[in-house]
Structure formats: C-alpha cells, structure tokens
Amino acid sequence: MTPYLMLLLDNEGYQAGNEGPIHFISDGDDQGAGFVADYRSTMTGLLMEYLEYLNKWTHDTLGLKLSQQVGYNLPVDMLEAIPSVDIPEIETLSFSNLIDGFRQFSGPANLAGKNVISIELGADFGQAYYQTWTELLQEAQHAFVAGVNQLAIHDATYSHTYDNTTWPGFTSFNYSFAEQHSRHQPGWDVGYKQAMDYLARCQFILQEGIAKVDLVFWDKQIAQDAYPGILYEPTDLQDAGYTYEYLSTENFNLPMA
C-alpha cells in the first residue's frame with residue numbers, strides 16, 4: 018500500500034473527488050485521533066522521501082538545485098518537511114501576506130542551513146491589471162523581515178500574440194490573480210526597472226551571512242493549515258527588539274539543532 022499512500026489526500030483517507038463508501042470509526046476517547054495522527058505522520062515521511070529523491074535527481078541529472086513549495090495544502094507536518102529540498106518556497110496567497118505565517122516557514126529552513134528561502138510573490142486574488150507597485154513592495158518587505166530572501170514574482174504567462182485573444186493578450190486564471198507584469202503595463206518603461214533593481218539589491222544583501230534569531234516557538238501540526246495564520250498575537254517581543262521563528266518537534270533532530 019505504501020506506493021499509493023500519497024494518492025489519499027483527503028482527511029478521510031480518500032481522494033477528495035471520490036470519498037468512497039467506508040469511513041474510519043472509533044469508539045476510543047480520542048475518537049480515533051491517534052490513528053489519524055499516525056497516518057498523517059506516515060504521509061509526512063513519504064512526502065519527505067519523495068522530495069529528497071526529487072532533490073537528488075535534480076542534482077544528478079540536471080546539475081541544478083531544486084526549489085519547491087513544501088507541505089502546505091497537504092495533510093502533513095509542513096515544518097518537518099521543509100528541510101527536504103534545496104530551496105523551500107512559500108507564497109503570498111496561501112500565507113495571506115502574514116509575517117507570522119512566513120516565520121513558521123523560515124524557521125525550519127534556517128535551522129537546516131538553507132541559504133535561500135523563496136516566495137511566490139504577489140499572487141493576490143482579484144487584482145489582475147490592478148495591483149500597484151506600492152502593494153507589491155510591501156508584500157516583499159513582509160517576506161524579507163520574516164527571513165525570506167528570494168522572490169519569484171507571480172507574472173504574465175505570455176505577452177505576445179496569442180490565438181483567439183485581443184489586446185493585451187493571453188491573461189491566465191481568467192483575470193483572477195495578480196499580476197500581468199509585461200510590456201502592456203503603463204509603467205513598464207517608467208518605474209519597473211527602479212523597483213526591480215531595489216528588490217534585486219535586497220535579495221543580494223539578505224542572502225549574505227547567516228540567519229540568526231533570538232527565540233523559537235514550538236509549533237507541531239500533524240496536518241498543516243492550508244492558510245497559515247498568526248500563532249503569536251502579542252507584539253511585545255518585536256516591540257522589545259526580539260526576533261523569533263517556529264520549529265516542529267522533528268526539526269530538533271536536524272544536524273544543526
């Protein structure tokens with residue numbers, strides 16, 4: 018059964034589109050939560066095994082490093098799985114541009130010695146041909162202060178002639194997500210270069226040295242919330258000048274722990 022476990026994505030253990038006739042029922046005090054936790058722990062381990070092999074294949078076959086969005090939108094421990102790839106990547110959309118959510122991701126990556134933490138930046142809902150550079154730069158700065166140091170800006174798929182389309186050309190996702198960065202934008206020749214140069218300098222600086230933080234919170238989730246929210250609400254630590262991140266229990270088994 019092991020080769021097929023990663024196909025069982027839904028909480029009941031079935032593919033989301035085909036739940037099937039059987040559900041797990043337990044009369045135990047925890048209503049079967051322990052069994053579910055064991056299953057999800059197995060899923061986490063198998064995901065890591067898959068990612069580690071894909072990482073190795075990328076090295077051996079392509080001579081490249083692997084960047085991968087790891088662990089969220091799956092019933093697994095995201096924080097445990099993050100160290101499995103060369104360059105773990107998060108995104109603005111699922112993390113709601115929350116600094117605390119980004120910290121949950123960057124903690125395990127930093128402890129694992131990942132020099133680069135990437136983000137799919139700016140995929141904001143309902144802002145195709147609407148997103149401003151002020152908004153995009155703010156999102157980048159939220160990521161930077163939480164330990165992210167590489168940007169992959171959510172971008173136009175294709176900006177030239179495309180069959181059965183009119184100006185400004187093919188627009189992905191039915192105009193649902195930002196942003197269609199291309200020569201069709203009014204600011205393409207005025208402002209884009211300056212903004213991109215600024216972001217390039219930030220990334221260059223932030224990828225130098227070793228990331229250090231003052232405190233760590235323990236965050237064990239057997240199934241990661243698809244939209245990681247704020248875990249630590251108070252602002253007392255940052256007001257006092259302290260930095261902090263999050264780690265899962267298994268992260269303490271890393272060689273650098």
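Following the working numbering, the numbering of the sequence shown begins with 18 at its first residue and continues without gaps.
Think of the CB as a built atom: it goes at the ideal place given N, C-alpha and C, for glycine as much as any other residue.
(message) Distance check for glycine 208 and phenylalanine 119, CA to CA, integer angstroms please.
(response) 28 Å
Quiz item: Going by alpha carbons, who is nearest to leucine 168 out of Leu79, Tyr146, Gln155 and Tyr175?
Solution: Gln155
DSSP state of glutamine 148, grouped into three classes?
coil
inquiry  = I'd like to know if the segment 261-269 and the segment 222-235 are in contact, where contact means that at least 3 CB-CB pairs between them fall below 8 Å.
reply    = yes
(request) Measure the C-alpha to C-alpha separation of phenylalanine 269 and glycine 204 and round it to an integer number of angstroms. (result) 47 Å
Review point. With DSSP run on the structure shown, which of helix, strand or coil describes serine 265?
Key: When secondary structure is reduced to three states using DSSP, serine 265 falls in the coil class, being assigned neither helix nor strand.
*Span of the alpha helix (DSSP H) holding leucine 128?*
116-128
Could you compute how far the alpha carbon of leucine 83 sits from the alpha carbon of aspartate 103?
Just so you know, the alpha carbons of leucine 83 and aspartate 103 end up roughly 5 Å apart.
Q.
Under DSSP, the alpha helix (DSSP H) around serine 84 begins and ends at which residues?
A. Segment 84-86 is the beta strand (DSSP E) holding serine 84; no alpha helix (DSSP H) there.
Check: For alanine 160, does the three-state DSSP call read helix, strand or coil?
Finding: helix
Can you have a look at isoleucine 107 and say buried or exposed, based on whether 16 or more other CB atoms are within 10 angstroms of its CB? buried
For this session: Pick out whichever of Ala240, Pro105 and Tyr192 has its Cα sitting closest to the Cα of alanine 50.
Result: Ala240
Once the 5 residues before and after asparagine 132 are set aside, which same chain residues still bring their CB inside 7 Å of it? Take asparagine 132, set aside five residues on each side of it, and the residues of its chain with a beta-carbon closer than 7 Å to its own are Gln224, in chain order.
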